[in-house]
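J.: Protein chains in written order, with the working numbering: chain A, 2 to 359; chain B, 122 to 471.
(1) Could you tell me which residues DSSP puts in a beta bridge with residue 172 of chain B?
(2) Would you mind stating whether residue 108 of chain A and residue 100 of chain A have Cβ atoms separated by less than 8 Å?
(3) In this structure, does DSSP put residue 372 of chain B in helix, strand or coil?
(4) Measuring alpha carbon to alpha carbon, tell me which residue in B:218, B:259 and B:192 is nearest residue 326 of chain B.
(5) Name the chain B residues whose beta carbon is nearer than 9 Å to that of residue 344 of chain A?
(6) What first and last residue would you give for the beta strand (DSSP E) that runs through residue 226 of chain A?
(7) Taking Cβ positions only, does residue 168 of chain A come closer than 8 Å to chain B?
(8) Taking only the alpha-carbon atoms, compute the straight-line gap between residue 347 of chain A and residue 464 of chain B and give it to the nearest angstrom.
(9) If the cut-off is 7 Å on Cβ atoms, which residues from the segment 437-459 of chain B count as contacting chain A, listed in chain order?
(10) For residue 172 of chain A and chain B, any beta-carbon pair shorter than 8 Å?
(11) Tell me the residue span of the alpha helix (DSSP H) that contains residue 137 of chain A.
(12) Between residue 162 of chain A and chain B, is the shortest Cβ-Cβ distance under 8 Å, so that the two count as touching?
(13) Check whether chain B comes within 8 Å of residue 210 of chain A, counting only Cβ atoms and requiring the distance to be less than that.
(14) Are any of the Cβ atoms in chain A nearer than 8 Å to that of residue 341 of chain B?
(15) Whose C-beta lies closer than 7 Å to the C-beta of residue 287 of chain B among residues of the same chain, with five residues either side of it excluded?
(16) Candidates A:212, A:189 and A:124: which alpha carbon is nearest residue 142 of chain A's?
(17) Which residues in the same chain as residue 454 of chain B place their Cβ atom closer than 7 Å to its Cβ, once the five residues preceding and following it in sequence are excluded?
(18) CB residue 155 of chain B to CB residue 207 of chain A, shorter than 8 Å?
(19) Residue 251 of chain A by DSSP, collapsed to three states: which one?
(20) Quick check on the burial criterion: 16 or more other C-beta atoms within 10 angstroms. Buried or exposed for residue 112 of chain A?
(21) Residue 250 of chain A CB to nearest chain B CB: under 8 Å?
(22) What does the Cβ neighbour count give for residue 467 of chain B, buried or exposed, with the cut at 16 atoms within 10 Å?
(23) Roughly how many angstroms separate the alpha carbons of residue 378 of chain B and residue 175 of chain B, rounded to a whole number?
(24) Need the endpoints of the alpha helix (DSSP H) that residue 235 of chain A sits in, please.
(25) Give me, in chain order, the residues of the same chain whose beta-carbon lies closer than 6 Å to that of residue 183 of chain B; leave out the 5 immediate sequence neighbours on both sides.
(26) At a Cβ threshold of 8 Å, is residue 315 of chain A touching chain B?
(27) Going along chain B in order, which residues have a C-beta closer than 9 Å to the C-beta of residue 302 of chain A?
(28) Using the Cα positions of residue 462 of chain B and residue 64 of chain A, report the straight-line distance between them to the nearest angstrom.
(29) Have a look at residue 129 of chain B and residue 269 of chain A and give me their C-alpha separation to the nearest angstrom.
(30) Our contact map puts residue 251 of chain A next to residue 338 of chain A with C-beta atoms below 8 Å; I'd like the distance itself, whole angstroms only.
(31) I need the DSSP call for residue 292 of chain B, collapsed to helix, strand or coil.
(32) Indicate whether at least one CB of chain A lies closer than 8 Å to the CB of residue 176 of chain B.
(33) Are the beta-carbon atoms belonging to residue 180 of chain B and residue 353 of chain B less than 8 Å from one another?
(34) Please return the same chain residues whose Cβ sits closer than 7 Å to the Cβ of residue 324 of chain A, not counting the five positions on each side in sequence.
(35) Whole angstroms is fine: what's the gap from residue 387 of chain B's alpha carbon to residue 446 of chain B's?
(36) Give me the Cβ distance between residue 247 of chain A and residue 66 of chain A, rounded to the nearest whole Å; I'm assuming they're in contact under 8 Å.
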């Protein structure tokens with residue numbers, strides 16, 4: 002994609018033909034209720050609280066954060082599985098919020114999801130052919146007159162499964178193969194965008210690489226755009242072009258893969274990166290270790306001002322009073338939501354040549 | 122810490138372990154040719170097939186492997202908490218300070234389990250009893266094993282919670298497990314494991330369920346406490362990053378076999394087994410930009426009817442005809458290492 006980062010982050014409101022997904026200040030509050038018969042709303046869990054980004058054609062946006070930061074809710078919002086409390090989500094220029102079910106169904110042909118758990122996301126009583134073909138029951142027009150069985154076998158072939166296994170059941174496959182079934186299902190309607198919600202975290206290491214490579218191959222082959230939600234920062238670095246870091250429902254830092262991993266400016270990103278174990282014992286003493294104190298506060302009652310201030314070593318009075326906006330900060334070239342944003346090299350990328358072996 | 126009349130490290134005066142001849146000069150733990158089988162409907166599954174290693178005090182051994190490779194079963198066999206049946210220990214020895222635990226009387230073993238070897242499990246929420254307070258569960262070991270009364274035991278429980286860094290331990294001791302966060306629960310598990318001052322801790326995927334920042338906290342706590350108390354630590358994990366950070370030596374397991382054993386620096390620098398090498402090449406790294414990942418083809422073998430020869434040969438890029446017939450023994454490799462590959466020289470040389 003283009004390397005003009007300033008334009009990637011601050012596009013004009015007009016519809017850029019290359020932008021497939023535009024998310025503007027989207028919020029999702031889940032009400033907290035009390036009482037049995039007469040339920041009163043006593044507060045809200047602010048799962049996603051004002052997130053904006055664009056996704057361009059052929060691009061992968063990695064969304065990282067710890068559990069409870071709202072990244073999966075964001076994925077569900079993008080899919081239209083939850084309707085946003087506020088804000089707008091535009092897919093290929095069409096507003097998704099407030100659509101009627103029929104219209105939503107038509108729009109959803111262009112956005113599909115791959116779920117985390119390949120064991121519970123496939124119906125054990127359906128054959129692989131039924132699972133991968135189910136989207137065609139809802140959208141028969143997507144077959145475009147092709148023979149259904151042939152289409153399904155081609156799909157299985159594309160994701161690296163044996164097309165002859167079309168009549169098998171999910172339990173006859175291993176974890177990695179099931180995830181391929183899930184991917185084939187997501188691909189069947191030829192979507193433009195695929196939301197991947199922790200697609201490799203349930204897989205074993207040796208199988209994970211197979212699936213990650215498959216995602217990359219499919220992107221090249223079909224020009225797909227991915228929103229890749231994961232907690233594993235190593236996988237995200239590998240696959241993403243741009244990365245959004247979330248904390249308690251907010252995006253705290255957004256930039257190119259290089260910028261986020263090379264020169265992170267938000268203290269949370271820095272702490273997150275420093276906590277990732279590197280499979281190289283020589284790095285033991287040489288890495289900056291920022292060990293955060295305490296736990297993530299409750300999203301029902303987030304701290305005032307900056308949400309990270311309760312665990313931040315840079316926090317001052319202003320952090321409690323004024324919420325830092327996600328904007329380009331001095332001394333840096335990407336978006337960061339910290340009053341004291343300052344680039345800091347956390348991960349020392351080895352200047353390694355193309356060959357992997359030492 | 123207030124010392125009560127019961128001396129913790131030696132166990133209470135009435136400890137049945139007093140009669141056991143632990144040899145303090147023998148290695149802390151020696152596992153020799155351990156074999157564990159599971160009897161299933163389809164036949165006998167060799168979950169652990171002749172694993173050997175040893176560990177001394179203050180040392181950390183990382184057991185690395187994918188799900189189903191037998192790493193947890195090994196841990197459970199050492200602890201003596203395998204369900205038998207379906208499991209059966211088919212052979213081998215587990216010597217703690219020179220005494221074989223596998224032939225030990227179950228009553229005695231129970232005391233070993235508490236006072237000498239302790240275990241930390243992956244899922245702290247399901248390892249803690251939801252209907253008792255954390256303090257009560259923590260105090261239980263003092264009551265049962267040291268004959269402490271309730272009051273004493275509770276004081277000890279608070280001390281332990283303090284030790285593992287739980288803020289306001291005095292108040293939290295009366296809380297139930299669900300009132301703790303994931304990281305805090307894992308701290309409670311660590312406190313529980315350390316409460317009787319064991320010499321050896323087995324941690325089975327202790328941080329897998331945790332977020333990275335919390336994982337860093339818990340691993341640091343574990344490493345600090347290990348240093349302080351000179352514990353032996355067996356860390357079982359699938360995460361090649363976590364072991365690289367804390368382990369002194371590593372044992373890589375594949376389909377029930379230990380395929381490579383080496384010092385942590387050696388194994389990351391020049392792996393001597395194709396499986397280890399392929400694993401290292403197949404993981405994305407946070408300190409490296411995206412190049413295509415090297416893939417290990419296929420799947421781990423079924424344990425019931427494993428392929429003949431080397432179990433890794435169907436997925437191995439170094440495999441030759443010999444690998445399909447000959448089961449490779451654990452060859453010694455210079456530098457005090459071992460590799461179960463006929464062609465380890467080639468693997469290291471390339």
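Glycine included, every Cβ here is placed at the ideal spot set by N, Cα and C.
T.: Reading it off the structure:
(1) B:155
(2) yes
(3) strand
(4) In terms of Cα proximity to residue 326 of chain B, the closest of B:218, B:259 and B:192 is B:192.
(5) Here the premise fails: no neighbours, minimum Cβ distance about 17 Å.
(6) 226-231
(7) no
(8) 39 Å
(9) none
(10) no
(11) Following the DSSP letters along the chain, one finds residue 137 of chain A inside the alpha helix (DSSP H) bounded by residues 129-139.
(12) Not one chain B Cβ lies under 8 Å of residue 162 of chain A.
(13) yes
(14) So, interface residue.
(15) 293, 305 and 308
(16) A:189
(17) 393, 460 and 465
(18) no
(19) Strand.
(20) buried
(21) Contact of residue 250 of chain A with chain B is not assigned, every C-beta pair being separated by 8 Å or more.
(22) exposed
(23) 15 Å
(24) Residue 235 of chain A -> alpha helix (DSSP H) spans 234-240.
(25) Excluding positions up to five away in sequence, the list reads 356, 364, 368 and 371.
(26) no
(27) In chain order: nothing, as chain B lies at least about 15 Å away.
(28) 41 Å
(29) Low confidence applies here, because residue 129 of chain B scores a pLDDT of 42, under 50, leaving its location unreliable; read the following figure in that light. Rounded to whole angstroms, the gap between the alpha carbons of residue 129 of chain B and residue 269 of chain A is 42 Å.
(30) Indeed they touch by this definition, with Cβ atoms about 7 Å apart.
(31) helix
(32) no
(33) It is a contact, given that the beta carbons lie within the stated cut-off.
(34) 306 and 307, listed in sequence order.
(35) Straight-line Cα distance between these residues: approximately 29 Å.
(36) 4 Å
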